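Engineer:
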Amino acid sequence: MKDATPATRPENTNPPTEPDAKQRRVIVCAGTGCVANGAYAVFRGFAEQIQAAGIAVTTEFKPEAGSELRLNESGCQGFCQMGPLVTILPEGILYTKVKSADVAEIVAQTLVAGQVIGRLLYTDPATKQPCRGVAEIPFYRRQQRHVLRACGIIDPGSIEEYLHHGGYAAARKAFTAMTPETVCQEILRSGLRGRGGGGYPTGRKWEAARTQKSAKKYVICNADEGDPGAFMNRSVMEGDPHSVLEGLMIAARGIGADETFIYVRSEYPLAVQRMRQAVKHAQRLGFLGTNVFGSGLNLSCEVMEGAGAFVCGEETAMIASIEGHRGMPRPKPPYPAQSGLWGKPTIINNVETLAHTVRVINEGAERFRQSGTSASPGTKTFALTGHVANTGLIEVPFGTTLREVVLNIGGGITDRRGRITADGFKAVQIGGPSGGCLTHEHLDLPLDYDSLRGAGAMVGSGGLVAMNQKTCMVSVARFFMDFTQRESCGKCVLCREGTRQMLALLDDIIEGRATGETLTLLEKLAHAVQKGSLCGLGKTAPNPVLSTLRYFRDEYDAHVIHKCCPTGQCKALAKPSIDPAKCKGCQACAKKCPVGAITGERKQTHVIDPKKCTACGTCADVCKFDAVLGV
Amino acid sequence: MISNLNHDLNGTVAVTTAPAPAAHPAGRAAAITRIVEKHGRRSSRLVPILQEVQEEFRYLPPDALALVAEKLNVAPARVFGVATFYAHFAIKPKGKHLVRLCDGTACHVKDSIPILDAIRRRLGVDARHPTTPDLMFTVETVACLGACGLAPVVVVDDQVHGAMTPAKGVALVESMIAKEAAP
Amino acid sequence: MIKARINDLPVEVPEGTTILDAARQVQVCIPTLCKHRDLLSTAACGICIVRNKGGNKMIRACCTPLENGMEITTHDRDIVEVRRSTLELILSNHPNGCLTCERNGECELQKLAADFNINQEAIKRYVKETPPDTSTGSIVIDFTKCIKCGRCIQVCQEMQDVWALSFLERGINTRMAPAGDITLAESPCVKCGQCSAHCPTGAIVENDETQTIWEALHDPNKVCVVQIAPSVRVTVGEAFGLPPGTNLTRKLYSALRRLGFKAVFDTNFAADVTIVEEASEFIERFAHKRGALPLITSCCPSWTDFMEKNHWDFIDNFSTAKSPQQMLGVLAKTYYAEKLGIDPAKLYMVSIMPCTAKKYELTRTEEMYASGFKDVDVAITTRELARMLKQSGIEFLSLPDAEADSLLGDYTGAGTIFGATGGVMEAAVRTAYFYATGKKLKSLDLEAVRGLQGVKEGTVDINGTPVRVAVAHGLANVEDVLNRVREAQKAGKETPYHFIEVMACPGGCIGGGGQPYGVDNERRQKRAAGLYQDDRDKQIRCSHENPEVIRLYKEFLDKPLSTKAHHLLHTRYTARPLYKR
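Chains as they are written, first to last, in this note's numbering: chain A, 1 to 631; chain B, 632 to 814; chain C, 815 to 1395.
#1: Should phenylalanine 688 of chain B be flagged as near chain C, meaning a C-beta pair shorter than 8 Å?
#2: At the level of alpha carbons, what is the spacing between methionine 318 of chain A and asparagine 349 of chain A?
#3: Taking lysine 1254 of chain C as the reference, give the member of C/Leu1260, C/Glu1261, C/Ala1262, C/Thr1245 with the closest Cα.
#4: Taking three-plus beta-carbon pairs below 8 Å as touching, is the stretch 702 to 713 of chain B in contact with the stretch 739 to 747 of chain B?
#5: Going along the chain, which unbroken runs of the alpha helix (DSSP H) with 4 or more residues stay wholly within the stretch 110 to 176 of chain A?
#6: From the beta carbon of arginine 676 of chain B, is the nearest beta carbon of chain A less than 8 Å away?
#7: In chain order, what residues of the stretch 516 to 529 of chain A put their CB closer than 7 Å to some CB of chain C?
#8: Output the residue ranges of the beta strand (DSSP E) runs that lie fully inside the stretch 203 to 227 of chain A and measure 3 residues or longer, sorted by chain position.
#9: With a CB to CB cut of under 8 Å and the five nearest residues on each side skipped, what residues in its chain are close to isoleucine 422 of chain A?
#10: Assign tyrosine 940 of chain C to buried or exposed, taking buried as 16 or more other Cβ atoms, counted over all protein chains shown, within 10 Å of its Cβ.
#11: How about threonine 548 of chain A and valine 595 of chain A: are their beta carbons less than 8 Å apart?
#12: For a cutoff of 8 Å on Cβ pairs, would you count arginine 1047 of chain C as touching chain B?
#13: Starting from the C-beta of valine 545 of chain A, find all residues in its chain whose C-beta is less than 6 Å away, skip the five residues before and the five after it, and write them out in chain order.
#14: If we require 3 or more residues per run, which beta strand (DSSP E) segments fall completely within the stretch 350 to 433 of chain A?
#15: Mark histidine 1287 of chain C as exposed unless 16 or more other C-beta atoms lie within 10 angstroms of its C-beta, in which case mark it buried.
#16: Can you tell me the Cα-Cα spacing of alanine 1379 of chain C and aspartate 1127 of chain C, whole angstroms?
#17: Assuming cysteine 859 of chain C and glycine 1016 of chain C make a contact with CB atoms under 8 Å, what is their CB distance in whole Å?
#18: When the Cα atoms are used, what is the spatial distance from alanine 857 of chain C to threonine 878 of chain C?
#19: What does DSSP give as the partner residues of cysteine 301 of chain A in its beta bridges?
#20: Count the other CB atoms, across all protein chains shown, that sit within 10 Å of the CB of leucine 121 of chain A; report buried if there are 16 or more and exposed otherwise.
#21: Taking only beta-carbon atoms, is glycine 308 of chain A less than 8 Å away from chain B?
#22: How would you label valine 86 of chain A, buried or exposed, when you count the other beta carbons within 10 angstroms and need 16 or more for buried?
#23: Taking DSSP as the reference, what is the three-state secondary structure of alanine 654 of chain B?
#24: So which residues on chain B does glutamate 323 of chain A lean against when the C-beta distance must stay under 8 Å?
#25: How should tryptophan 206 of chain A be labelled, buried or exposed, when 16 other C-beta atoms within 10 angstroms of its C-beta is the threshold for buried?
#26: Here's the rule: buried if 16 or more other CB atoms are within 10 angstroms of the residue's CB, otherwise exposed. What is cysteine 843 of chain C?
#27: Can you list, in chain order, the residues of its chain whose CB lies under 6 Å from that of methionine 1202 of chain C, leaving out five sequence neighbours each side?
#28: So histidine 719 of chain B contacts chain A; which residues on that side make the cut at Cβ distance below 7 Å?
#29: Suppose only complete runs of 4+ residues qualify. What are the alpha helix (DSSP H) ranges in the stretch 455 to 519 of chain A, listed by chain order?
#30: For threonine 763 of chain B, return the contacting residues in chain A, with the cut-off set at a CB-CB distance below 8 Å.
#31: Which residues in the same chain have their Cβ closer than 8 Å to the Cβ of threonine 599 of chain A, if we skip the five residues on either side of it in sequence?
#32: When the Cα of threonine 471 of chain A is compared with those of A/Gly454, A/Ile420, A/Glu555, which residue comes out closest?
#33: Would you mind telling me which residues of chain C sit closer than 9 Å to cysteine 489 of chain A, beta carbon to beta carbon, in chain order?
#34: Which residues mark the beginning and the end of the beta strand (DSSP E) in which methionine 1317 of chain C is found?
#35: Report the neighbours of methionine 467 of chain A on chain B: residues whose CB is nearer than 9 Å to its CB, in chain order.
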């Protein structure tokens, strides 16, 4: 087994181009979004067509790049809205929305004839110019991809490729050229904070476990990414699984653990598969097992699957789950660093946190601190979704403003038909069900742990959902409360009963039953649940409610006092009507109405019968003249 | 390496593994013994053991749970307590076709719920009773499959369908009903 | 030592003391609900929240150790409001029928609600109708009253190792129930009632049979007689505000006569008989090598149930002697009835026990009908007796003392200590020693088997042979002891113990499932002390010296282990395996 020699690390932070390599590469994105859009068919198409064109092709990674064209699938390339994505190197061309029918043309035009197919390029809506590759696409240009650096380029199933790009050099260094103490010191100096949501200084956590005297210690990688709307960790595991594994190894070295676990939610079968494969490959090369890296130390890793409990993302609940119990949190102290899995010192770190440690060990704490802010150094991945033009997976340094993320990288807010609207921005929900919303007044707020806390929000795991003017914020709060309530483990009274009561109150508001006391009671319960719950799930469950109450009080008042939903989203309060000024009497809506609530003669103004109407919105969808109001 | 990726000819990602038919009770004991032995009969492995038992029988029949308790030498109370805690474990049999609607934030803001309501109405099921009486369909929600660019998303068996609407959802279900009815 | 401040008062406590306990040093009582002194804190209810250094974070006092320099606030406007919200939420889930609940006046939730002056009209009520479980006849579970504090689960799983109860589902659907929603009778439940003794509300209670007794007392066709168990005499006073361990034997005799019982017997008498039979059994096996060793006591019906379900390989080791309750019942309906010329068909035997399992024992096997009738007609717990006394219009505490009925009423010190863990063993050793050597033990107090340690061991020198004894209480302590015996058997070595006593309830019967609420180790100690004092106050302290026992054998049973004794006073066990091993 030969040792991999680290290649020169590319300076720029966009997907690694290999300055020296002349190898032709076709990389088909096989993240879940692109796969759902037919990426595998595209891949197979390329395999057939390239061979048919007589080009020598390989699907394997070879360290000495030959003259063959290399075709591989990668993890998520990030630009999910534009998938399926195909990257062509060394030209650096990015083709978007590629269908299998396009493959033959790409092979003939680009691979053989060296020409770019304009219609498959991304067109910047601002400049109306087609962009050749990531270097020109604002979505990518404005990011700083470190954790996601190799994601979308390398074949996640190839440990050889990972090694070729300097993989496992950090782990080797940690095991052979550093001590647990110096490892912890470096992480501490980097200021790296937990990327799972807590933002706790990673180095401090490691140090607390390192100093415990115990023959047995554990490290658990928290890959139970349960926030709805978050898929950052998933993409890293599917696209660059070895980076997670390497980070896990560094953590094990840092605290003195010989047994590690990766706890992945079972809703991510591909991530489970990729991580298990990565572990197998690492074992084959001796990076796991006995005498790893020749250090004389042992290290094992097991991938375990969650079973559908969001609460297991909480440290002590995860520990209970691994021990074979109901996943219910335990009181802290003792903290897991002192007494965790099986009562032994245990560190639990998020996938992304671990991935960052690889770079810290490789390039040093100072280098890491060069991005981000002084209190929140480094970069963070975000899943940008909702009513934005460019949904997808991004990575930016802490301190980037909300405006930059949503309006520039995100490309602006869209309306219900997908058109970008200049003043469409209403709010952004950040941090998922534990987080809060940010509004217009926060557009220039730097995104980092402390600034967000001040605004009543939190970075959370990194889910960012953009909302346009047609979004009812009360309904958003209800959505998150419904989620948290369903996921409550049931142990402590405030979370178990309090979230149920809060959900019922929100339903009262949304369905027009609220009274003068409703909001007072809602706030009282929200504060109680926030203060007295046993674990983070309960403590943060009221955040969406409190946050929307703070910034959108008038919307709540409209529901409560005037029994009206300003955006028309709340069906029970919606009073759809047809604008006689706009209605052309085309009868399209009447034909489509599922409950037959619309009547009208041809070329006459149509009328909606409020008694029959269920406010489903079909008529508004169908009407070409925007004549339907209030829904 | 291509061969490691788990996809069929239609180019879809396996969201769930293919269910096996429920085994005869005698066969059940053999399967459960095998699974428990594989995990070294350690009760700490209860969650992965139940996952494998569920894969084997498509759900967790109560007598299978009692068997697991016996083989692990723990009280049934412990096994049932764990089995009923995790949403992934189904104590009641699921339908032949699993219709899963993503209600993650991105899909939700793109109106996933009206699709859910329409599909449920068509099949005559609801949240408390998600499976049709003929055990043909089970309709459930799932939180975020990571296909947010395609929101709203419905997954039927292993196939991911994006950009759904209530009408499309109902049409999808009806085409499956027709397929089932056809000789 | 840890130095900190609580409500701005200085405290100094040993390291590891929780904030809850430390607060008592300065007369601060932080309210709790799910916490119980017997159990590990689960931090479920959140009533005990406090603040440190005025921070926003609220911590749970019951499980957080006090640390140097902490500045704890236990009560401020915010904290109290959160506590109230918590209580309101619990009540929103709880039936409102306090007035007709068995815990009325004794309920921990009721007390908190009253102390906090809860008015919870603002919150929606969600009470799910669920039928109660009455399948065991001993314990009744009313699921609608469960507040999910988790005490019964910990008790049944960790303390008793029975695992009949568990939490099922999660979140708002969390409920306590036997696994798989089977009935309690189908579950591993051994009816020890420890769940009911620890439950803070009326969710788990004993099956109240006092109505049956009232009717019997007023039935002219019935001759009602009663027996009182050893441990009842030192616990019943707690229901009337007296300190635990107060010996109210003579008052009880008096009260029971006032209630209308025609004869008042003492189970302690039958305890003496049990010892005579069991010590004789021991000599048979130990001295004459006829029968399996170790000999294991069997007067605890939860224990025999547990054994039949989980450790049936020890059936041959069990003493076939019945429990004192059953012995007294059969003797009342034969010996006593004969002597007094009463038609046994008219006799109605009531027993007052510390224990819910005694209700189950009444119909355990056909040997419980050895008299030709149901030997004991009904068994009630100390708690039920207290309720009867309160209903009866008797000023219990001011009653004059009375005596028990002769023939089945006199007892020795050995009989009374049955109620404490180790008591049966000590009593048996006193008599077995005499049977083996013809001499009396120099010291009748066997300290080695006394106290609250889970497993106690001792050695008694009988004629130069060391007799090794073990005493276990709380069913979780049983497995280890039995495994040691099993290992020795497998290895062909000599048994590590010759005689084993097991009591299902921690502390023995004084900690029984039917005893007054509020048990903890302090109370167990005080209750047991009351019995040991009763023992010391007795003139006769060895069972075989009880003149009424001697008379019983002379005039009725002939000798210990005679055919007649076997027929009336012994029973059998059947393997009823729950799990295969």
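Don't be surprised by glycine CBs; every beta carbon is placed ideally from N, CA and C.
Predicted model, so just to flag it, every value in this text is computed and none were measured.
Structural biologist: This is what the structure gives:
#1: Taking 8 Å as the CB threshold, phenylalanine 688 of chain B stays off the interface with chain C.
#2: 12 Å
#3: It is C/Thr1245.
#4: no
#5: List check, alpha helix (DSSP H) in window: 138 to 141, 159 to 164, 169 to 176.
#6: Taking Cβ atoms only, chain A reaches closer than 8 Å to arginine 676 of chain B, which makes this a yes.
#7: Glu517, Leu521, Lys524, Leu525, Ala528
#8: Qualifying beta strand (DSSP E) stretches, in chain order: 218 to 223.
#9: Looking at the sequence itself, residue 422 of chain A is alanine, so the reference to isoleucine does not match. Cβ within range, chain order: Gly412.
#10: With fewer than 16 other beta carbons inside 10 angstroms of its own, tyrosine 940 of chain C counts as exposed.
#11: no
#12: no
#13: Ala477, Ala526
#14: 379 to 386, 392 to 397, 425 to 430
#15: buried
#16: 26 Å
#17: So it is not a contact: roughly 17 Å between Cβ atoms.
#18: Alanine 857 of chain C and threonine 878 of chain C have their C-alpha atoms some 10 Å from each other.
#19: A/Thr260
#20: Answer is buried; the Cβ neighbour count reaches 16.
#21: yes
#22: That one is buried.
#23: The predicted position of alanine 654 of chain B is uncertain, since its pLDDT is 48 and thus under 50; no value can be drawn from it.
#24: Ser675
#25: buried
#26: exposed
#27: Thr1024
#28: Ser266, Ala307, Gly308
#29: Counting only runs of 4 or more, we get 473 to 487, 493 to 510.
#30: In chain order: nothing, as chain A lies at least about 21 Å away.
#31: Ala590, His606, Val607, Asp609
#32: Per the Cα distances, A/Glu555.
#33: Here the neighbours are Arg984, Gly985, Thr988.
#34: 1313 to 1317
#35: In chain order: Val740.
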